[in-house]
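Note sheet for the following structure.
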Amino acid sequence: MTAPPDNNAPTIFVAFGATGDLMHRKVIPALYYLYTRGRLSERFCIMGFSRRDWSDKEFREYVRSIIEKRVGSKLPDEHVASFISLFKFQKGEFTNTESYEALERAFAEFDKEWNCCANKLFYLAVAPEYYKTIVGHLASSGLSGPRVLKEGDGWTHIIVEKPFGMDLETAKEIDELVGQLFQEQQIYRIDHYLAKEMLQNILTFRFSNNLFEIPWGR
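First residue of the sequence shown: 1, per this note's numbering; consecutive thereafter.
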């Protein structure tokens, strides 16, 4: 399942665990970074999925507080206001089928407004014990996307973060399940720390060997 690249295609970024630590520390600041550099499409929505009873306005104020804390409190207000306007909130429970049906209805509203089938990117910013539940509901509700893209269809992708499970066995179970319900081309697996030790060793090697001072500095 492939689609031609289109950096300006309408896209909905759905964050499960939208009020959690990962979103607070990493994802929202990263999205702001992309926004300030014009890397998000003109029609882009960041939809937070969480069980909190919040309105869009409350969620946007939460995002504003994160930007002010993580990025800076002296940013132009109109710039921040423009960014947080991209955010919408969808109250839901990971285990509740009706929550995914509500999510599907929200997608339909965007598709109608944008007059197209938008791309969907699901980001699992949750603890690994919720992966199987969320992935299973996405598939059973039809939100995992068509098996074969037709002209006019938007793509659907899913992002899963390390750790993928509680141990090797559960990691394999989750990976197998995701592979059954999504095609490999739809899956993004992220491990931020896979090369951390290696990179630290490179820095140690570089600064402890004068022999490499000149060639490394070129």
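Just so you know, even glycine gets a beta-carbon here, dropped at the ideal spot from N, CA and C.
Bear in mind that the values here come from a model prediction, so they are computed numbers and not experimental data.
Are F59 and F89 closer than 7 Å when you measure CB to CB?
yes
Out of curiosity, what's the CA-to-CA distance linking F110 and A118?
8 Å
CA-CA distance, N8 and R64?
25 Å
Please classify A127 as buried or exposed, where buried requires at least 16 other C-beta atoms within 10 Å of its C-beta.
exposed
Which parts of the region 112–143 are runs of the beta strand (DSSP E), unbroken and 3 residues or longer, counting only runs that do not cross its ends?
119–124
Contact the region 127–141 vs the region 22–31: 3+ CB pairs below 8 Å:
no
DSSP state of G48, grouped into three classes?
strand
C-beta atoms of V80 and L124 nearer than 7 Å
no
Euclidean distance between Cα positions of L103 and L75
32 Å
Taking only runs that begin and end inside the region 25–88, name each unbroken alpha helix (DSSP H) of 4 or more residues, in chain order.
28–36, 56–70, 77–84
Closest by C-alpha distance to D175, when choosing among Y33, A30, V135, R70
V135
For M166, count the other beta carbons within 10 Å of its own beta carbon; 16 or more makes it buried, fewer makes it exposed. Which is it?
exposed
Nearest to L31 (by Cα), restricted to the options K57, R70, S50:
R70
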